[in-house]
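Q:
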Ligand SMILES: Nc1ncnc2c1ncn2[C@@H]1O[C@H](COP(=O)(O)OP(=O)(O)OP(=O)(O)O)[C@@H](O)[C@H]1O
Ligand SMILES: [Mg+2]
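Chains as they are written, first to last, in the numbering used here: chain A, 544 to 797; chain B, 12 to 288.
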């Protein structure tokens with residue numbers, strides 16, 4: 544059965560004790576859509592993503608997610624903070640999801656190799672995390688999520704700790720994966736540029752308690768060329784529009 | 012303006028590591044050696060009563076003789092066997108239950124009060140009860156060691172699992188690890204440093220307990236050697252027993268250290284705080 548949505552978030556609120564983190568969130572995300580979320584720090588973005596990942600439950604409301612292929616993992620989250628296991632080598636970390644699903648060593652190695660190359664970690668495949676730089680660790684967690692090949696990628700500022708070159712490389716690969724395999728992506732970022740380069744839509748959240756303040760379609764054709772995109776008059780206009788929306792949230796008491 | 016010249020902070024390479032490289036091994040031998048030398052000197056100077064504190068050289072002579080008759084190895088073998096059997100009997104369930112209690116708040120809430128109540132009882136105080144139930148033979152000795160080791164491993168493992176950062180369990184959960192997979196891939200390796208600490212304490216406890224237990228129902232073991240020497244006032248033999256117990260403790264420590272370095276390769280090597288000797 545086909546449905547018109549991949550994710551439906553209906554009237555979701557989330558509180559932690561007396562603290563209201565999310566307030567009545569309604570979002571529908573279509574299959575194969577790439578949605579970026581921006582919002583001030585502490586507005587509940589991570590909380591929302593954790594609810595989608597099944598790591599947290601809403602206080603009220605509900606979330607429905609459509610699973611196309613029960614044989615594949617439904618979602619994989621890339622966490623904002625360092626989340627790779629210190630006791631596993633890079634190779635073991637990247638292959639972790641596959642190993643949990645009982646995929647044998649040979650097949651694992653075959654699937655991991657290109658990702659290690661892509662993330663520039665091939666030479667460090669047998670290193671332990673304490674031997675890596677901060678950016679390298681983040682690339683390991685990106686590789687681990689890509690290797691797991693889920694229908695839905697939940698990414699919490701995955702490239703924030705990366706240098707510009709690696710960031711551009713992984714953004715490109717993410718877009719390639721996304722368009723080749725029709726994944727659905729929910730992508731949190733602090734960078735308006737990143738949201739506009741990657742997303743079909745940008746959701747802007749209010750300060751806590753987080754609500755959806757604006758839902759902005761990104762009209763640019765794909766494949767996008769970053770350099771040309773940034774000179775497009777619409778790009779400049781959108782960028783400024785989102786920037787103003789966020790600025791009003793960061794200084795709400797004005 | 013002050014005419015004082017400005018202070019300059021210089022940051023330079025750390026002092027050469029070569030000197031430090033040798034010293035831990037050297038220091039490790041140095042302290043027991045110094046102790047023995049000091050002891051020898053004090054006895055020779057007759058500051059200590061040689062009837063109670065025989066000189067280490069005399070003890071070593073007695074040790075050598077007992078080694079030649081094969082008696083010493085026999086005693087050592089029996090103690091070693093009891094410690095190792097008891098250790099395995101206690102450590103395995105302690106570790107498994109510790110993992111379960113660490114990961115499951117329900118099991119933890121349920122069992123914690125009972126454990127908190129039993130733990131402070133000195134384990135040797137249970138010895139009479141155990142001997143009443145299991146008799147004077149070997150099983151009693153294994154069991155008393157096992158009990159002591161069990162609690163040590165249980166508490167260390169629980170603490171280890173609770174110390175694992177939540178995010179690692181979140182990753183396992185997000186990737187749909189089964190319960191068993193989460194134990195094997197997150198709880199056990201994450202708690203391993205603490206488990207090792209527990210093993211070291213446990214082995215020490217095991218030696219203490221076994222030596223006391225060897226006072227009863229046996230005529231072999233280092234503990235027996237010590238107790239019997241006390242009864243017949245063979246002070247030098249007593250020291251032989253004590254020295255062998257100390258040696259065993261030292262060797263356990265050494266072996267655990269080896270194993271730890273192998274299994275915990277994922278931890279950065281430097282354990283000392285930078286800049287401190
Ligand atoms: N487990 C928790 N217990 C209590 N409060 C929490 C918990 N998790 C999050 N919060 C609170 O909920 C609010 C939203 O947190 P969240 O991590 O979702 O913010 P965020 O939008 O991801 O912020 P950032 O951009 O800085 O990562 C914060 O005020 C935070 O203190
Ligand atoms: Mg966050």
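Even glycine gets a Cβ: it sits at the ideal position worked out from N, Cα and C.
1. Between residue 545 of chain A and the rest of its own chain, which residues show a CB-CB distance below 7 Å, the 5 nearest in sequence each way excluded?
2. Which residue marks the beginning of the beta strand (DSSP E) containing residue 756 of chain A, and which one marks its end?
3. Would the segment 575-587 of chain A and the segment 735-747 of chain A be scored as touching if the rule is three or more Cβ pairs under 8 Å?
4. Counting pairs of beta carbons, one from the segment 693-711 of chain A and one from the segment 725-742 of chain A, are three or more of them closer than 8 Å?
5. In this structure, does DSSP put residue 579 of chain A in helix, strand or coil?
6. Around ligand 1, what residues have a beta-carbon under 5 Å from a heavy atom of it, in chain order?
7. Using a threshold of 6 Å, is the CB atom of residue 623 of chain A nearer than that to any non-hydrogen atom of ligand 2?
8. Name, please, each residue of chain B whose Cβ falls closer than 9 Å to the Cβ of residue 596 of chain A.
9. Once you ignore the five residues that flank residue 53 of chain B on each side, which residues in its own chain have a CB closer than 7 Å to its CB?
10. Between the alpha carbons of residue 219 of chain B and residue 203 of chain B, how many angstroms are there, rounded?
11. Over what stretch of residues does the alpha helix (DSSP H) that includes residue 785 of chain A continue unbroken?
12. Please classify residue 185 of chain B: does DSSP put it in a helix, a strand, or coil?
13. Per DSSP, residue 746 of chain A is paired with what?
14. Can you name the residues that DSSP bridges to residue 729 of chain A?
15. Checking 7 Å against the spacing of the C-beta atoms, do residue 73 of chain B and residue 247 of chain B come in under that value?
16. Shortest alpha-carbon distance to residue 566 of chain A belongs to which of A:671, A:759, A:718, A:750?
17. Would residue 600 of chain A be called buried (16 or more neighbouring beta carbons within 10 Å of its own) or exposed?
18. Can you give the Cα-Cα distance for residue 223 of chain B and residue 114 of chain B, rounded to whole angstroms?
19. Select from the segment 619-648 of chain A all residues with a C-beta closer than 7 Å to any C-beta belonging to chain B, and list them in chain order.
20. Which residues does DSSP list as the beta-bridge partners of residue 551 of chain A?
21. Where do the N-terminal and C-terminal ends of the alpha helix (DSSP H) with residue 154 of chain B fall, by residue?
22. Does the beta carbon of residue 550 of chain A sit closer than 7 Å to a beta carbon anywhere in chain B?
23. Taking C-alpha atoms, which residue in B:189, B:174, B:273 lies nearest to residue 109 of chain B?
24. What three-state label does DSSP hand residue 566 of chain A in the structure shown?
25. Mind checking which residues open and close the beta strand (DSSP E) that includes residue 618 of chain A?
26. I want to see whether chain B comes within less than 7 Å of residue 667 of chain A, judged by CB atoms only; does it?
27. What's the call for residue 70 of chain B, buried or exposed, on a 16-neighbour Cβ count within 10 Å?
28. Mark residue 86 of chain B as exposed unless 16 or more other C-beta atoms lie within 10 angstroms of its C-beta, in which case mark it buried.
29. Using a Cβ-based criterion (distance less than 6 Å to any ligand heavy atom), does residue 749 of chain A qualify as near ligand 4?
30. Grab me the residues of residue 83 of chain B's own chain with a C-beta within less than 6 Å of its C-beta, minus the 5 sequence neighbours each way, in chain order.
31. Flag residue 116 of chain B as yes if its beta-carbon sits less than 7 Å from any beta-carbon of chain A, otherwise no.
32. Measuring only the C-alpha atoms, how far is residue 284 of chain B from residue 25 of chain B?
33. Which runs of the beta strand (DSSP E) spanning at least 3 residues fall entirely within the segment 215-256 of chain B, listed in chain order?
A: The relevant details are as follows:
1. Only weak support is given to the placement of residue 545 of chain A: the predicted model assigns it a pLDDT of 49, under 50, and the question is left unresolved by the model.
2. 755-760
3. yes
4. yes
5. strand
6. A:559, A:564, A:584, A:585, A:586, A:587, A:588, A:589, A:590
7. yes
8. 181, 184, 185
9. 59
10. 24 Å
11. 776-793
12. helix
13. A:580, A:758
14. A:578, A:697
15. yes
16. A:750
17. exposed
18. 36 Å
19. 619, 620, 622, 624, 626, 628, 629, 630, 639, 640, 643
20. A:571, A:607
21. 149-173
22. no
23. B:174
24. strand
25. 618-621
26. no
27. buried
28. buried
29. With respect to ligand 4, the structure offers nothing, as its ligand set consists of ligand 1 and ligand 2.
30. 77
31. no
32. Confidence in residue 284 of chain B is poor, its pLDDT being 45 and thus under 50, which makes the residue's placement unreliable; the coordinate value appears in the next sentence. Going from the Cα of residue 284 of chain B to the Cα of residue 25 of chain B covers about 13 Å.
33. none
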